[in-house]
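Working notes for the structure below.
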Amino acid sequence: MAKFVLMLPHAPDRYTKLGEAEFMDLMKDYIGWVEEMSAKGKFEGGEKLLDEGGKIVTNTSGSIEVHDGPFAEAAEILGGYMVINAEDYDEAVEIARSHPHMKHNETIIIRQTDASADE
Amino acid sequence: MSVASDIHKLLDETVRRERGWLISSLVSKFGPAKVELAEDVAQDAIVKALATWPYKGVPNNPRAWLRRVAGNAALDRVRRSAREFGVDDDWDFATEDHDVITPSLSDPELDLMVLCCDPAIEPKDQLFLALKTVCGSTAAETAALFFMTEDALSQRLARAKRKLKAQSGELARFPTRFALNARLPQLLKVIYLMFAWGFLPRRGDHLFREDICREALRLSDGLFAATEGEAAGHHALHALLLFQMARLPARISLDGQLVTLERQDRTLWDQDMIFDGVQHLEAAKSSDKLTRYHLEAGIASMHAQAPEWAQTDWASISRLYALLNARAPSLSVLVNWAVSLMMHGDLNGAEDALQVAGELAGAEALPTYHLARAKLADLKDDSASALAAREQAKSCQISAPVAEHIERELGLTD
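So the protein sequences, as listed, match chains A and B. In this text, residue positions in the first sequence follow the working numbering: the first is 1, and each later residue adds one. In this text, residue positions in the second sequence follow the working numbering: the first is 1001, and each later residue adds one.
Here it is as structure tokens:
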């Protein structure tokens, strides 16, 4: 069993414009999915990232510059990530298909963690 | 039930229950002028829960989680402006014994209900405010219960809160017994509406919300303890809630579908509750005032005690509905009256009642209105009108299981 990271981006104003009831309905879908995947042993964990703030540190020809977020001009911001267990990319994609993020947003980025040196 | 639908139910119940508890407890600590702050703190905690649980799953004790988060947020605000609140900044919200600081009814939720029913606030706004704060209903749910838009509701809520803020003297906080008695009719109305909301939610994916019905019953019980059942109609209201509650287990089929009274398995009805209901209805007879609760409880008791649908005393029920319509006319009273007339064989009377109903605002949006019309058309062998009415019922804005039920009535899903 390998581990895969699901990165969940969303439009910057995706949740701020929602009414309370709509937000609740949306989050119920997510929480229900996570509990279902946990029950199947597929969900490892995750973190929600804070919507506000964020820094970018860059090295521009030897001098380090720090830029503040938020990056409102960006088309999408990373809302958080989840780690799941799957045999291979096929299964990971299958799991991502059932993710409520695909119903309520557009994109999930899947990357397998490199565990080749772990054992 | 799948994991996901269990989780939906758990979240709905936890959020509703905790919203009411958090707001009530915070208001009992800070006073009525701080209703808005209490709502904000409760709301922030709930939003935080909903935003982070998707990445972590639901904590082992979601109630404790919410109380801790809301408690910390409240403490934060207290520390920032301790003088404004006039409370110590080392209190422990989650473990505090709220009974000690609540002198009037010894239940923060009941206390907040009394506060919301302040006569300085318009009677209808009192109900909105109480449902929104004490009962933990969302703006969308409260608006749907009154067939209002959310915008119209929030304007009225804002106005009500301004009035409450202006009334923040000691007397407003702890009304005298005399003032409390004057508010009892409104308190009963809040309990009645809360139960109605749980019994027939107008949005979401629940057929009914047993947790809300139980809470309404609990508040009614608490009010008995505080007032010795002095309010005219309180016994009758309590009987009504018990009769309705007794039937809940039969209202849902094993696969989660709505089962109407007509088709319910009556052996599933809770006979203990019906027995209690009969006792309260007896006690209600000694009231010197006949209230609408008497009439509604009378109707409910006849259903609760009928051995089957066909053997129901429709003649008496339609007479009670006629009385109810005379003193508290409403859309759903007219619709139910029409159905009882139909069952009694009075098709012309039923048609008249439905015609009056059809002229009221909101009729077009009420699925039971269209279903009653369909039933009447059935009895007149007018299948085209029946089908058209059922189609109209389907297009109403209703909770998902009720929509499914209408689909089934249409023969579309099975």
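All C-beta atoms in this analysis are idealised placements derived from N, C-alpha and C, irrespective of residue type, glycine included. Please read these numbers as outputs of a predicted model, since none were measured by experiment.
Using DSSP's beta-bridge definition, name the partner residues of residue i.
{"i": "M82(A)", "result": "L6(A) and G46(A)"}
{"i": "Q112(A)", "result": "F4(A)"}
{"i": "E1215(B)", "result": "DSSP lists no partner for E1215(B)."}
{"i": "E65(A)", "result": "T58(A)"}
{"i": "I1252(B)", "result": "L1258(B)"}
{"i": "I77(A)", "result": "H10(A)"}
Report buried or exposed for residue i, applying the criterion of at least 16 other Cβ atoms within 10 angstroms of its Cβ.
{"i": "L1324(B)", "result": "buried"}
{"i": "E1018(B)", "result": "buried"}
{"i": "G45(A)", "result": "exposed"}
{"i": "S1155(B)", "result": "Reading off the sequence shown, one finds Gln at residue 1155(B), where the question assumed Ser. Answer is exposed; the Cβ neighbour count stays below 16."}
{"i": "D1012(B)", "result": "buried"}
{"i": "E1409(B)", "result": "In this prediction, E1409(B) has a pLDDT of 48, which is less than 50 and means its spatial position is unreliable; nothing more can be read from the coordinates."}
{"i": "D1097(B)", "result": "At D1097(B) the pLDDT is 42, less than 50, meaning the model places this residue with poor confidence and gives no usable figure here."}
{"i": "D1255(B)", "result": "exposed"}
{"i": "A115(A)", "result": "exposed"}
{"i": "I109(A)", "result": "exposed"}
{"i": "V66(A)", "result": "exposed"}
{"i": "R1373(B)", "result": "buried"}
{"i": "V93(A)", "result": "exposed"}
{"i": "V1100(B)", "result": "Any reading at V1100(B) must be qualified, since the residue scores a pLDDT of 31, below 50, and its modelled position is unreliable; no value is offered."}
{"i": "T1102(B)", "result": "Here T1102(B) scores only 33 on pLDDT, less than 50, and its place in the model is too uncertain to base an answer on."}
{"i": "I1007(B)", "result": "buried"}
{"i": "M27(A)", "result": "buried"}
{"i": "I84(A)", "result": "buried"}
{"i": "S1108(B)", "result": "Here the sequence assigns Pro to residue 1108(B), which means Ser is not the residue at that position. Counting Cβ neighbours within 10 Å, P1108(B) comes out buried, since at least 16 surround it."}
Taking Cβ-Cβ distances shorter than 8 Å, what residues in chain B pair up with residue i?
{"i": "I31(A)", "result": "I1007, L1011, L1050, W1053, P1054, G1057 and V1058"}
{"i": "K3(A)", "result": "Residues of chain B passing the Cβ test: none, with the nearest at roughly 16 Å."}
Output, in chain order, the set of chain A residues within a Cβ distance shorter than 8 Å of residue i.
{"i": "A1419(B)", "result": "Outside the shown range of chain B, which is 1001 to 1414, sits residue 1419(B), and nothing can be said about it."}
{"i": "V1003(B)", "result": "G32, E35, E36 and A39"}
Starting from residue i, find everything on chain B with Cβ-Cβ shorter than 7 Å and list it in chain order.
{"i": "G80(A)", "result": "Y1055"}
{"i": "E47(A)", "result": "Y1055"}
{"i": "K42(A)", "result": "What K42(A) touches in chain B: nothing, since even the nearest Cβ is about 12 Å away."}
Over the uninterrupted alpha helix (DSSP H) stretch that includes residue i, give me the two end residues.
{"i": "I1121(B)", "result": "Per DSSP, I1121(B) belongs to no alpha helix (DSSP H) and is neither H nor E."}
{"i": "H1235(B)", "result": "H1234 to R1247"}
{"i": "V1015(B)", "result": "V1003 to F1030"}
{"i": "A92(A)", "result": "Y89 to R97"}
{"i": "V1333(B)", "result": "L1331 to M1343"}
{"i": "W33(A)", "result": "E20 to A39"}
{"i": "L1115(B)", "result": "P1108 to C1116"}
{"i": "N105(A)", "result": "Looking at the DSSP string, N105(A) is not in any alpha helix (DSSP H), and its letter there is neither H nor E."}
{"i": "M1148(B)", "result": "Counting along the chain, M1148(B) falls outside any alpha helix (DSSP H), and DSSP gives it neither H nor E."}
{"i": "H1280(B)", "result": "Q1271 to A1284"}
{"i": "R1063(B)", "result": "P1062 to R1080"}
{"i": "T1052(B)", "result": "V1035 to K1056"}
{"i": "R1373(B)", "result": "P1367 to L1379"}
{"i": "D1352(B)", "result": "L1347 to G1358"}
{"i": "K1394(B)", "result": "S1383 to K1394"}
So with CB distances below 9 Å, who are the chain B contacts of residue i?
{"i": "K103(A)", "result": "Result: empty, since nearest Cβ-Cβ is about 13 Å, beyond 9 Å."}
{"i": "M7(A)", "result": "Those within 9 Å of M7(A) in chain B number zero; the least Cβ separation is about 12 Å."}
message = Would you call the segment 1257-1275 of chain B in contact with the segment 1225-1240 of chain B, where contact means no fewer than 3 C-beta pairs closer than 8 Å?
response = Touching, no, given that fewer than three Cβ pairs across the two stretches are closer than 8 Å.
ask   = Three or more beta-carbon pairs under 8 Å between the segment 1023-1038 of chain B and the segment 1106-1113 of chain B, yes or no?
value = Flag = yes, the segment 1023-1038 of chain B and the segment 1106-1113 of chain B touch.
task = Could you tell me whether the segment 1278-1290 of chain B touches the segment 1252-1265 of chain B, where touching means 3 or more Cβ pairs closer than 8 Å?
result = Fewer than three pairs of CB atoms, one per stretch, sit closer than 8 Å, so the segment 1278-1290 of chain B makes no contact with the segment 1252-1265 of chain B.
Segment contact flag, the segment 7-26 of chain A with the segment 96-114 of chain A, C-beta cutoff 8 Å, min 3 pairs = Flag = yes, the segment 7-26 of chain A and the segment 96-114 of chain A touch.
ask   = Should the segment 1064-1072 of chain B be regarded as contacting the segment 1193-1203 of chain B, the criterion being three or more beta carbon pairs within less than 8 Å?
value = Judged by Cβ distances under 8 Å, the segment 1064-1072 of chain B makes no contact with the segment 1193-1203 of chain B, as fewer than three pairs qualify.
request  = Could you tell me whether the segment 16-33 of chain A touches the segment 1048-1059 of chain B, using the rule of 3 or more Cβ pairs below 8 Å?
outcome  = Yes, the segment 16-33 of chain A touches the segment 1048-1059 of chain B.
task = Could you tell me whether the segment 1061-1068 of chain B touches the segment 1028-1039 of chain B, where touching means 3 or more Cβ pairs closer than 8 Å?
result = Contact between the segment 1061-1068 of chain B and the segment 1028-1039 of chain B is absent, because fewer than three Cβ pairs lie under 8 Å.
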